[in-house]
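Novice: Got a structure for you, written out below as structure tokens; questions coming shortly.
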Amino acid sequence: MRLWTCLDLAGRFLFAILTLMTLIANLVFIEEVVYIYRKIHSSKRSILIWINAAAPVIATTSCIGMWIPRSTMFTDFTASVFFAIVIHKFLMMMIKECGGQKLFLKRFENGHFKISTGPCCCCCLCLPGVRITRRSLFWLKLGTFQFALFRPVFMFLSTVLWTNGNYSLSNLSPKGAAIWISCFIAILTIIALWPVGIMFQQVRVLLNCKKIIPKFALYQFILILNHLQTAIINILAVQRIIPCAPPLSSPARGAYISHQILIMEMFLVTLISRVVYRRRYDELDPPACITEEAGVKKQTPILNVAVREDGL
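Per UniProt numbering, the very first residue in the sequence shown carries number 1; after that it's consecutive.
In structure tokens, the structure reads:
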């Protein structure tokens, strides 16, 4: 509560408003969970809940970090691990919206994945497409799954080193742990974002009726704000461009500002997500091959009856 006693009236009012925004975001999310359980098919429930929970979880961890500045390492750890799982869930959601893995492969059995997309190969337009098969789809899912698996490991390692005094973002020398852990996490992030971009390029026309473009835009918005924006503010704080304000040092004040901005942004994202994901969409038509097989099955009993009648 030392920080609260150092705030003036305007600062306390800001804290109260941001805390209220976090509470409202969580209430909106809870209401959305109730709606998903009542209206959405069971195969899609968990994926949609994970994706919709990204903004409220980040807002909640930011609110805790705002009130308790020393908990920043732990709140950032929680938000980063959660969003790493959300990246994998978003890829799985696009596959689910196409009818699942089997129907996805049948819809695009003669197609190719366009791999010349960001963030890895957006400039390499000459790269050939990769044929859509069960194996290539497995590699895409593995690309996002590795991030959901290894990001918590690296974040846990950095938290342990931080508690021992061996991890500091201000120490970016080759002998420090921060520079190496940050580089590994950056590589894993790029590898994980690439499959999502490839899948989005493949299904954006097919899933346009399900508003996949606004959903992808919200996902990208959260990604940029939670990673790029936070990284820029941290760099400014480490370089002392953001001045200290007792009792907060420059890095602590940078995290403090980042948390406040994130709460407001995630509050807006939560409200927009409710509008986008709450709509009822028409189901996709089955692939032509599935329709033909269904037609053959319907015609078979009729042929049998005709034979029996002739026999009688």
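The beta carbon of each residue, even a glycine, is placed where N, CA and C say it ideally should be.
Rounded to the nearest angstrom, what separates Ala16 and Ile68 at their Cα positions?
Specialist: 14 Å
Novice: Apply the 10 Å Cβ neighbour rule to Glu31 and answer buried if 16 or more other Cβ atoms are within range, or exposed otherwise.
Specialist: exposed
Novice: Quick check on His41: does DSSP put it in helix, strand or coil?
Specialist: coil
Novice: Leaving out five residues before and five after Val296 in sequence, what residues of the same chain have Cβ atoms less than 8 Å from its Cβ?
Specialist: Confidence is the limiting factor: at Val296 the pLDDT is only 48, short of 50, which leaves the residue's position unreliable, though a coordinate-based value still follows. Excluding residues within five positions, none has a Cβ falling inside 8 Å.
Novice: For Ile213, count neighbouring C-beta atoms within 10 Å of its own C-beta (all shown protein chains included) and say buried if the count is 16 or more, exposed if not.
Specialist: exposed
Novice: To which residues of the same chain is Leu161 closer than 7 Å at the C-beta, ignoring the five residues directly before and after it?
Specialist: Apart from sequence neighbours up to five positions away, the residues of its chain that approach Leu161 with a beta-carbon distance below 7 Å are Tyr167, Ala177, ordered along the chain.
Novice: Using DSSP with H/G/I as helix, E/B as strand and the rest coil, what is Phe108?
Specialist: coil
Novice: Which residue wins for smallest C-alpha separation from Ala252, given the options Arg70, Leu268, Ile263?
Specialist: Arg70
Novice: Report the CB separation of Phe147 from His88 in whole angstroms; it is logged as a contact under 8 Å.
Specialist: Correct: roughly 7 Å between the Cβ atoms.
Novice: Please state the DSSP three-state secondary structure of Arg253.
Specialist: helix
Novice: Which of the three DSSP states is assigned to Gly11 in this structure?
Specialist: If DSSP states are grouped into helix, strand and coil, Gly11 belongs with the helices.
Novice: Ignore the nearest five residues each way along the sequence and tell me which others in Leu218's own chain have a CB closer than 7 Å to its CB.
Specialist: Val269, Ile272, Ser273, Val276
Novice: Closest to Leu207 by C-alpha separation, out of Leu225, Asp76, Met93, Ile49, would be which residue?
Specialist: Met93
Novice: For Asn26, which residues of its own chain have a beta-carbon under 6 Å away from its beta-carbon, when the five flanking residues on both sides are left out?
Specialist: Excluding sequence neighbours, Asn26 sits near Pro56.
Novice: Can you tell me whether Arg12 is buried or exposed? The criterion is at least 16 other CB atoms within 10 Å of its CB, across all chains shown.
Specialist: exposed
Novice: From the DSSP output, in three-state form, read off Val205 for me.
Specialist: coil
Novice: Could you tell me how far apart the beta carbons of Ile233 and Ser258 are, in whole angstroms, since I believe they sit closer than 8 Å?
Specialist: 5 Å
Novice: Residues in its own chain within less than 7 Å of Asn304 by CB, not counting five upstream and five downstream?
Specialist: Reliability of the predicted coordinates at Asn304 is poor, the pLDDT of 45 falling under 50, and no value is obtained from them.
Novice: Under three-state DSSP, which class holds Arg135?
Specialist: helix
Novice: Could you tell me the boundaries of the alpha helix (DSSP H) in which Tyr219 lies?
Specialist: 212-223
Novice: Buried or exposed: which applies to Val86, given that a residue is buried once 16 or more other Cβ atoms fall within 10 Å of its Cβ?
Specialist: buried
Novice: Ordered along the chain, which non-local residues of its own chain (more than five positions away) have a Cβ less than 8 Å from that of Leu20?
Specialist: none
Novice: Taking the Cβ atom as the reference point for each residue, do Thr22 and Ala59 lie within a distance shorter than 8 Å?
Specialist: yes
Novice: Could you give the first and the last residue of the continuous alpha helix (DSSP H) run that contains Asn234?
Specialist: 230-238
Novice: Between which two residues does the alpha helix (DSSP H) harbouring Lys89 extend?
Specialist: 72-97
Novice: By how many angstroms is the C-alpha of Met199 removed from the C-alpha of Gln99?
Specialist: Gln is not the amino acid found at residue 99; the sequence shown has Gly there. The straight-line gap from Cα to Cα measures roughly 14 Å.
Novice: Please work out which residues of its chain come closer than 6 Å, Cβ to Cβ, to Val28, disregarding the five sequence neighbours upstream and downstream, and give them in chain order.
Specialist: Thr270, Arg274.
Novice: Quick one: Cα of Asn110 to Cα of Ile132, how far?
Specialist: Rounded to the nearest angstrom, the two C-alpha atoms are 7 Å apart.
Novice: To the nearest angstrom, how far is the alpha carbon of Ala10 from that of Thr61?
Specialist: 23 Å
Novice: One question on the structure: do Gly197 and Thr117 come within less than 8 Å of each other, judged by their Cβ atoms?
Specialist: yes
Novice: Quick one, which of Ile115, Ser250, Phe138 has its alpha-carbon nearest Leu105's?
Specialist: Residue Phe138 is the option with its Cα nearest to Leu105.
Novice: How would you call Asn164, buried or exposed, if buried means at least 16 neighbouring beta carbons within 10 angstroms?
Specialist: exposed
Novice: To the nearest angstrom, report how far apart Ile47 and Tyr35 are at their CA atoms.
Specialist: 14 Å
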